[in-house]
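Contents: one structure, followed by commentary.
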Amino acid sequence: MSDALIVGATGMVGRLVIDRFDATPVTIVARRPIEALPAHHRQLVAPSGRWADIIAAERPDVLISCLGTTIRQAGSQAAFRAVDHDLVLAAARGAREGGTRQMIAVSSVGASPASRNFYLRTKGETERHLIELGFDRLDLLRPGLLRGDRPGPLRLGEGLAALAAPLTDALLHGNFRRYRSISGARVAAAIAALAGRGGAGVHIHENDAIRALAD
């Protein structure tokens, strides 16, 4: 029985989460192998259509989802939704079937099912559907722009935004602080701090809360 299982481990935050579990074994479910994975971790490589069944069979205590892409990277709105909504929900349903108590999912600042922005609306709908699954404890992290080294092709827009982040962040105060950028390493540290945490209910963590958890 796995204590924690991670999906989305091939992205920036997912890789950093794995690094945080340097002494605790975790299971990773992915579509392709992760190179140089520490020996105390397990990885199960399978097409995403099999993930729900695999996760149900693994019966993890905690499911961690770092799944996420962009519309540009996915190629279309439909392809984006297939990952950021459908695949996240499939993994979550598998976890619930296996009796998983806690789920931790990376969402986005501004996520809302009522948003006019397709990206934020999809994120909000994903959050809503995760809540409806009824995990004992659900932790939703809503970071702003993620800073750090990403695997894969350069995302030009995000690269330019990251360069401007120090100035932009300094202008964001009060309720707008939640839109400040944050390093992927801090988000990963917050996830590690939340994994296995007691209590119940739905917990939404925005910028300041993520930083507090990481520190």
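Positions 19 to 233 (the working numbering) are the ones given, in order, by the sequence shown.
In this text, a Cβ means the ideal position worked out from N, Cα and C, and glycines have one as well.
Because the structure is a prediction, the values reported are computed rather than measured.
Does the Cβ of residue i have 16 or more other Cβ atoms within 10 Å, making it buried, or fewer, making it exposed?
i      : result
ALA27  : buried
GLY142 : buried
HIS58  : exposed
GLN120 : buried
ASN135 : exposed
PHE98  : buried
GLU76  : buried
ARG49  : exposed
Which of the three DSSP states, helix, strand or coil, is assigned to residue i?
i      : result
ALA97  : helix
ILE24  : strand
GLY219 : strand
ILE46  : strand
LEU163 : coil
LEU174 : Annotation note: pLDDT 48 at LEU174 (below 50); position unreliable, coordinate value reported separately. LEU174 falls in the helix class under three-state DSSP.
ILE228 : helix
ILE200 : strand
VAL35  : helix
VAL127 : coil
GLY192 : helix
LEU55  : coil
ALA211 : helix
ALA206 : helix
Is the beta carbon of residue i less than 8 Å from the beta carbon of residue j?
i      : j      : result
LEU23  : LEU85  : no
ASP21  : ASP102 : no
ILE73  : VAL47  : yes
ALA199 : GLY152 : This sequence places Ser at residue 199; Ala is not what is there. Going by C-beta atoms, SER199 is not nearer than 8 Å to GLY152.
TRP69  : GLY112 : yes
ALA218 : ASP157 : no
VAL220 : VAL31  : no
ALA129 : SER83  : no
VAL35  : PRO51  : no
HIS147 : LEU107 : yes
ARG38  : ALA227 : no
ARG160 : HIS223 : yes
ALA208 : LEU231 : yes
GLU145 : SER125 : yes
ARG60  : THR45  : yes
VAL14  : ALA109 : Nothing about residue 14 can be read from this structure; the chain reaches only from 19 to 233.
VAL127 : ARG196 : yes
Going by the C-beta, is residue i closer than 7 Å to any heavy atom of the ligand ATP?
i     : result
VAL25 : Absence of the ligand ATP from the depicted structure is noted, as is the absence of any ligand whatsoever, leaving it without description.
Say whether chain D places a C-beta atom closer than 8 Å to the C-beta of residue i.
i     : result
MET30 : No chain D appears in the structure shown, which is made up of a single protein chain.
What runs of the alpha helix (DSSP H), each 4 residues or longer, lie entirely inside the region 131 to 161? 136 to 150
Within the region 57 to 125, ranges of the alpha helix (DSSP H) (whole runs, at least 4 residues): 69 to 76, 89 to 92, 95 to 99, 106 to 115
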